[in-house]
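Notes follow once the structure below has been shown.
There are 4 protein chains.
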Amino acid sequence: MSNKIKKIGVLTSGGDAPGMNAAIRSVVRTCAYHNIECVGVYRGYEGLMEGDFKEMNARSVKDIINKGGTILKSARSKEFRTKEGRKLAYNHLINKGIDALVLIGGDGTFTGGMIFNEEFNFPVIGIPGTIDNDIYGTSHTLGFDTALNTVVEAVDKIRDTASSHNRLFFIEVMGRDVGHIALNVGVGSGAEEILIPEEDLGLDRLVESLRRSRQSGKSSSIVIVAEGDKIGKSVFELKDYVDENMENYDVRVSVLGHMQRGGAPSCFDRVLASRMGVKAVESLMEGKTNYMVGLLNNEIELTPLEKAIKGKSKINLELLRVSEIMAT
Amino acid sequence: MSNKIKKIGVLTSGGDAPGMNAAIRSVVRTCAYHNIECVGVYRGYEGLMEGDFKEMNARSVKDIINKGGTILKSARSKEFRTKEGRKLAYNHLINKGIDALVLIGGDGTFTGGMIFNEEFNFPVIGIPGTIDNDIYGTSHTLGFDTALNTVVEAVDKIRDTASSHNRLFFIEVMGRDVGHIALNVGVGSGAEEILIPEEDLGLDRLVESLRRSRQSGKSSSIVIVAEGDKIGKSVFELKDYVDENMENYDVRVSVLGHMQRGGAPSCFDRVLASRMGVKAVESLMEGKTNYMVGLLNNEIELTPLEKAIKGKSKINLELLRVSEIMAT
Amino acid sequence: MSNKIKKIGVLTSGGDAPGMNAAIRSVVRTCAYHNIECVGVYRGYEGLMEGDFKEMNARSVKDIINKGGTILKSARSKEFRTKEGRKLAYNHLINKGIDALVLIGGDGTFTGGMIFNEEFNFPVIGIPGTIDNDIYGTSHTLGFDTALNTVVEAVDKIRDTASSHNRLFFIEVMGRDVGHIALNVGVGSGAEEILIPEEDLGLDRLVESLRRSRQSGKSSSIVIVAEGDKIGKSVFELKDYVDENMENYDVRVSVLGHMQRGGAPSCFDRVLASRMGVKAVESLMEGKTNYMVGLLNNEIELTPLEKAIKGKSKINLELLRVSEIMAT
Amino acid sequence: MSNKIKKIGVLTSGGDAPGMNAAIRSVVRTCAYHNIECVGVYRGYEGLMEGDFKEMNARSVKDIINKGGTILKSARSKEFRTKEGRKLAYNHLINKGIDALVLIGGDGTFTGGMIFNEEFNFPVIGIPGTIDNDIYGTSHTLGFDTALNTVVEAVDKIRDTASSHNRLFFIEVMGRDVGHIALNVGVGSGAEEILIPEEDLGLDRLVESLRRSRQSGKSSSIVIVAEGDKIGKSVFELKDYVDENMENYDVRVSVLGHMQRGGAPSCFDRVLASRMGVKAVESLMEGKTNYMVGLLNNEIELTPLEKAIKGKSKINLELLRVSEIMAT
């Protein structure tokens, strides 16, 4: 490996996700392993524009592999969308002697990084960190697997009550634009129906499906609803609709909310984060830039940032069919 | 022990709570141990009025000690509040040869049981099962300890996000009339403020407290709000108020909802349920009736049902003070 | 699909694994969906030879998707290795009118199934269920992902003590012949060293590595050791060796044992089990036999049983390198 | 309150326990609340003799309430048992201007503290932190409740395997001198037998009990064995004994080990730690010394250290009876 890179910065940006700390740790340790200096940037692009930096060595990241959130903190930045903002950031990087950046985040993070790279020819590599799994070029984003377990455990708890009271529950899970969480959690928790942004099931089919479910002897039901479900009704409106259109249903609603983002990462996410961090740093060392590292067929591969942003992460339609069969 | 009781019925009623299954198991096994027949009644007083019974032996309750919810299912019954409903129930009990009832539930359950006892002189003993801990005559109701752990784990997850983004979170927890969950969880999760039904803190003090918290260097804050908080504003209204009255706060809301009721019971709740079930059955065998079993100073004691219903479960004011000190 | 299959039997055999119940559920529900009868066989091949069968319908498998172990129970059978034993089994299947079998288990289970298929031309499809992930033809066996999380959580707990006391811990995890669990858990828990059956690190390197680890400022260390580690020393012998050859080390040992096999399956394992069950039943319906369903590049694919048995599941050597870098 | 105390030191000593960090946090924040300076002492009495101190303020203890282990680290010290060692410690305290000590630990910690107090008339207050619950003067030591949940969850997992294979498991849990963990976990996990240091059940009764258990239709069994069980046989010897004296048993052994000490504290332990820390600091402020704070009848009370050390923590014999009834 050629090694013109002497100092690498790392930041987390956008919504936090479990595994971000494990990725930070991996970037820092890989730098240490290759005798590259490493600098943590606080609060994403905000801190980049303020020069809110901290030198990090191998010991700076001990005991964080199993922590949710991000020790570098995260933020969404409007100012970085301006040329002036990015110029500020560039100056801080040059002053600090930083040669390249590892960006941990999602779509927005990568878009910012790509523009920054184009304007200043500054080397950047992205690591996909978001529970939504909505990034092209990786089968799993950091935090997705953990979020699935967190949500499934919560739904298991709600099912205790649903079963005890013969109730119908609408449970809203994260996923404004994509149904990955809803789809996997729906199958994993044995939900009777799954409503996602990608498919308009229609209210009639929902009601029909619930009727069939009850006739088949089920005394309680769980419907998993992605935030951005195509039907376009909130879980509260769905409850009202069922209350009006079906008799003898005791319908309840639960919005799982922010707890879905937190918690200790799963083993899968920790391992994935460790692998991605190594690949990100070593790719920069090899002179590569403007790529995202991702998991493709269980290998860590590079995808151009542009593709990662523009490509569409597709849901596994097989899962919809599996879900339908399981709801028999 | 005199032993005129030959057959005991057991039911769960009202909201389900972790530990109810462990209590059912204990009642059934204690009956088996003393060669008393045991009959499970489904869906609380509903099933009682319908004669929805099932003979249970020691093996009927295997592998349920660690399950949330209630295998006997639960319901709230309007009809049992009528004399006719209770007469129906009495007839089923006599026909089935049942001599006494163990009632697992809360206030409403016990009120029904007490009236039933008065009208038909039918022996009943109550076991307090509700996550709210709002029953007089026991320091802990079944499910309370489990719910505290469930909620604290959820708040821990939300704090990951709060800390990563420097946010303020209002988190609504169960407790319409009492603040036990909010108070303990507030202290246990290190919340900055705790809003409960028993005390009107006032919005001004809340804002003041949050300002102080920020000045002292805290970058994120958690406020735990009981459903029935005295201020009388929902978590969403609290968010709006802070949005309007404080600058530079990124305020979010999370309503934990029904997941608080479910899950595998804690060791404490399993042990408590086991002890309570033994005491309930053996008290009936000793000819006692119209009592609730409860935990007082770590011993299982009897309290007359009437007292249990009318008495007021008081929150530990020391905890409010501890909370204030911890928020330093 | 042609549909000559009218009745399918399903059994679990060998060591139990989280996700087996989810797979049973999927097989039963997929049968119900396609109007095929389904029969559960108890205790694996033991029950097959005894005709210990139970008719199962869609409701028989409710509330088991999140349960560890197997409701059909499992066993290892010597008698099924004899021609007489298998003949007994065949007769029971014919008498019961069962047309095909779904076998959930590992190597031994599949070997039995393949021989049975050859002798009696009886259709069989295997589903890989074992926490060890030691089956060729699938990137993940059922239970593997859950076991990783279980072990990582246990190691996290031990690290609390290790860090508090500046100790070195040798932790033995499952894996007699393969190091998948050790390798992933080692990376996921941030272990300083990982000892696996596939590589002989040598005791000298281990001691060297621990010395370096301490010099770099680490005050505590975790070494993950697979049961069948190539060095050939038990964790207790490793402790003795370090006690003798290194000064000032407070060395402890923990053998995680059987708890690694149990627990509620992760979302990943539940989804995988659901997908595999559908594929197994539908493959039988399509006239396929003597295959194993497996996960390859995130798709469910078929591999001939013979290949699945003879092929070698390889560890990801990249992970060894990642582990070394992370231990910086 | 009189307030001659200006600076308080806090240390953790002996085996670590969940809740110790929450107690440290409480001591530090209570000091801050009362404008008392606070100094953390590293590695218990070892650090005291070396002057390994660190000034702590309210922000030093953020985000530790939910962490297992102890950020101040712990150690067992031989030198502090000598007069010279204690003199060293005293000099460091005087030099640093520390007026009083809060000691978090168990028997050994308190013995050291009491002697130190006698020799130098130096104010000390103890907080009982140990998972064993073997301290007189408190119904619960810090970490006990958490350990119960940790162990019960592990036993639940093992039961998955036990049930699936119709096995008998001997599970060793912590408790060299006292059976609190074994007794509570035995009842909480539905064990068939519980072997503790306080009672010699005898091997014959054990075998008899297991036979009866099997005859009653149980297909699998769990026996919980405290480390210091009175029978005096290790779990491995127990297995051998049953292997030799009972037919058709598939007996396995699991030693849970150090994972029992770790993990995030339960809500109960966090609240208890918070209350104890407040009481410890405020007692010192009131001029009290040589006491231990403890939980008695749900109130925080003081017990003279001497009594806490010499008194005997008694197991709840009612639980043994409950266990026997539950094993019906």
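In the order they appear, the protein sequences are chains R, A, U and P.
According to UniProt numbering, the first sequence holds residues 1 to 328 in order.
According to UniProt numbering, the second sequence holds residues 1 to 328 in order.
According to UniProt numbering, the third sequence holds residues 1 to 328 in order.
According to UniProt numbering, the fourth sequence holds residues 1 to 328 in order.
Cβ coordinates follow ideal geometry from the N, Cα and C atoms, glycine included.
None of the values given here were measured: they were computed from a predicted structure.
Buried/exposed call for residue i, threshold 16 Cβ in 10 Å
| i | result |
| --- | --- |
| D243/A | exposed |
| G202/A | exposed |
| K6/P | exposed |
| L256/P | buried |
| L295/R | buried |
| L11/A | buried |
| G232/P | exposed |
| T30/U | buried |
| T82/U | exposed |
| E192/R | buried |
| S2/R | Below a pLDDT of 50, predicted positions are generally treated as unreliable, and S2/R, at 46, falls in that range; no measurement from the model is reported. |
| K4/R | exposed |
| E198/U | buried |
| L238/P | buried |
| E153/A | buried |
| N245/R | exposed |
Proximal residues of chain A, C-beta to C-beta of residue i below 9 Å
| i | result |
| --- | --- |
| G69/R | R159, D160, T161, A162, S163, S164, H165 |
| A23/R | Here the premise fails: no neighbours, minimum Cβ distance about 13 Å. |
| V173/P | Simply none; closest approach about 12 Å. |
Contacts of residue i in chain P (Cβ-Cβ under 9 Å)
| i | result |
| --- | --- |
| E318/A | R275, V278, E299, I300 |
Within chain A, the residues that residue i reaches when beta carbons sit closer than 8 Å
| i | result |
| --- | --- |
| A32/P | T328 |
Chain-ordered neighbours of residue i on chain U, where CB pairs are closer than 7 Å
| i | result |
| --- | --- |
| S216/P | Correct list: empty, because the minimum Cβ distance to chain U is about 18 Å. |
Within chain R, partners of residue i - CB distance below 7 Å
| i | result |
| --- | --- |
| I325/U | R29, T30, Y33, V278 |
| S234/U | Ordered by position in chain R, no residue passes the 7 Å Cβ test against S234/U, which lies about 24 Å from the chain. |
| I65/U | G190 |
| S283/U | Neighbours of S283/U on chain R: none; closest Cβ ~14 Å, over 7 Å. |
| V322/U | S274, R275, V278 |
Partners in chain P for residue i, counting only beta-carbon separations shorter than 7 Å
| i | result |
| --- | --- |
| A58/A | S216, T328 |
| S26/A | M326 |
Under 8 Å from the C-beta of residue i: neighbouring residues of chain R
| i | result |
| --- | --- |
| D156/U | N66, A264 |
| residue 329/A | One cannot answer for residue 329/A here, as it falls past the ends of chain A, which runs 1 to 328. |
Residues that DSSP places opposite residue i in a beta bridge
| i | result |
| --- | --- |
| G56/P | Checking the sequence shown, residue 56/P turns out to be Met, not Gly. Bridge partners of M56/P: C38/P. |
| I222/A | F169/A |
| A100/A | I8/A |
| E244/U | None, per the DSSP bridge assignment. |
| residue 330/A | No statement about residue 330/A is possible, as the shown extent of chain A runs from 1 to 328 and does not include it. |
| S254/U | I171/U |
| P304/R | Y291/R |
| residue 412/U | Residue 412/U falls outside the range modelled here, since chain U spans only 1 to 328, and no answer is possible. |
| G129/P | L142/P |
Proximal chain R residues relative to residue i, where beta-carbon distance stays under 9 Å
| i | result |
| --- | --- |
| K73/A | S163, S164, H165, N166, S219 |
Neighbouring residues, chain U, relative to residue i (Cβ below 8 Å)
| i | result |
| --- | --- |
| V242/R | Correct list: empty, because the minimum Cβ distance to chain U is about 21 Å. |
Heavy atom of the ligand PLP within 7 Å of residue i beta-carbon
| i | result |
| --- | --- |
| F236/A | Absent from the structure shown: the ligand PLP. Ligands present: none. |
>> Short of 7 Å Cβ to Cβ, which residues in the segment 131-153 of chain P face chain A?
In response: Of all residues in the segment 131-153 of chain P, those with a C-beta nearer than 7 Å to a C-beta of chain A are S139, D145, L148, N149, V152, reading in chain order.
> According to a CB-to-CB cut-off of less than 7 Å, which residues of the segment 182-195 of chain P neighbour chain B?
Replying inline: Among the protein chains in the structure shown, which are R, A, U and P, there is no chain B.
>> Can you confirm whether the segment 207-216 of chain P touches the segment 256-270 of chain P when touching is taken to mean that 3 or more C-beta pairs between the two stretches lie within less than 8 Å?
In response: Short answer: they don't touch.
> Between the segment 34-48 of chain U and the segment 310-326 of chain A, are three or more C-beta pairs nearer than 8 Å?
Replying inline: The answer is no - the segment 310-326 of chain A does not touch the segment 34-48 of chain U, with fewer than three Cβ pairs under 8 Å.
> Touching or not, the segment 13-27 of chain P and the segment 307-316 of chain U, by the rule of three or more beta carbon pairs under 8 Å?
Replying inline: Result no; under three Cβ-Cβ pairs closer than 8 Å.
> Using a Cβ cut-off of 7 Å, which residues of the segment 244-272 of chain U contact any Cβ in chain P, in chain order?
Replying inline: Of all residues in the segment 244-272 of chain U, R252, S254, V255, G257, H258, M259, R261, G262, G263 have a Cβ within less than 7 Å of some Cβ in chain P.
>> Give me the subset of the segment 194-212 of chain A whose CB atoms are less than 8 Å from a CB atom of chain R, sorted by chain position.
In response: Result list empty, no residue passes.
>> Can you confirm whether the segment 42-52 of chain R touches the segment 86-95 of chain R when touching is taken to mean that 3 or more C-beta pairs between the two stretches lie within less than 8 Å?
In response: They touch, by the three-pair rule.
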